[in-house]
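Novice: Just so you know, we're using my numbering here: the sequence shown kicks off at 1 and counts up by one.
Glycine is no exception: its CB is placed at the ideal position from the N, C-alpha and C atoms.
Since the model is a prediction, treat every value here as computed from it, not as a measurement.
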Amino acid sequence: MSAITLVVVLPTVAALSWYAVTKDPTIRPLGITKQALVEQTLDDGAILTIVIRFDPDEHAEVSKVLGASIARAFEAKGVDGSIKQRPAPGEEMTVTYLIGASSIGPFPASQAASGINAAVGAYRMVVPSIASDN
1 MSAITLVVVL
11 PTVAALSWYA
21 VTKDPTIRPL
31 GITKQALVEQ
41 TLDDGAILTI
51 VIRFDPDEHA
61 EVSKVLGASI
71 ARAFEAKGVD
81 GSIKQRPAPG
91 EEMTVTYLIG
101 ASSIGPFPAS
111 QAASGINAAV
121 GAYRMVVPSI
131 ASDN
């Protein structure tokens, strides 16, 4: 029984020990990923960030139009956000919605609209609507 416990616990203890030495958050069990760390550094103070990854050789102009369309959709729902365009050579265009520490997506560009309602719902949980006291 103790051998089973040792086999299960030892990797976690080793990872936490290495994290204590290196302070690398990607080492921690169930820790943050490198992609999430990069996206957190993109935050410019906006609660909603729309991250569009696109192939610069094929989708540069389309990504700008898509970003503007998504921003208008959020504005129609009373939500302001910032758009971040990230080149990803050789990859298909994707859209990810970041609300605080939450991430919704990535969605293929053709289905980007399907994540808007979920992103608005998450935004409303982070920034509740101010209800009138009348």
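Candidates 13, 59, 48, 121: which alpha carbon is nearest residue 89's?
Specialist: 59
Novice: DSSP beta-bridge partners for residue 190?
Specialist: A query on residue 190 cannot be resolved here, the shown segment of the chain reaching from 1 to 134 and no further.
Novice: I need the straight-line Cα distance from residue 110 to residue 69, nearest angstrom please.
Specialist: Approximately 12 Å between the Cα atoms of the pair.
Novice: Express the C-alpha separation of residue 15 and residue 2 in angstroms, rounding to a whole number.
Specialist: 20 Å
Novice: Tell me the rounded alpha-carbon separation between residue 125 and residue 104.
Specialist: Rounded to the nearest angstrom, the two C-alpha atoms are 14 Å apart.
Novice: Within 10 angstroms of the Cβ of residue 119, are there 16 or more other Cβ atoms? Answer buried if so, exposed if not.
Specialist: Residue 119 is buried by the Cβ-count criterion.
Novice: How is residue 41 classed by DSSP in three states: helix, strand or coil?
Specialist: Only weak support exists for where residue 41 lies, its pLDDT of 47 falling under 50; the value from the coordinates is given anyway. Note: residue 41 maps to helix in three-state DSSP.
Novice: Could you tell me the distance, in whole angstroms, from the CA atom of residue 19 to the CA atom of residue 6?
Specialist: 19 Å
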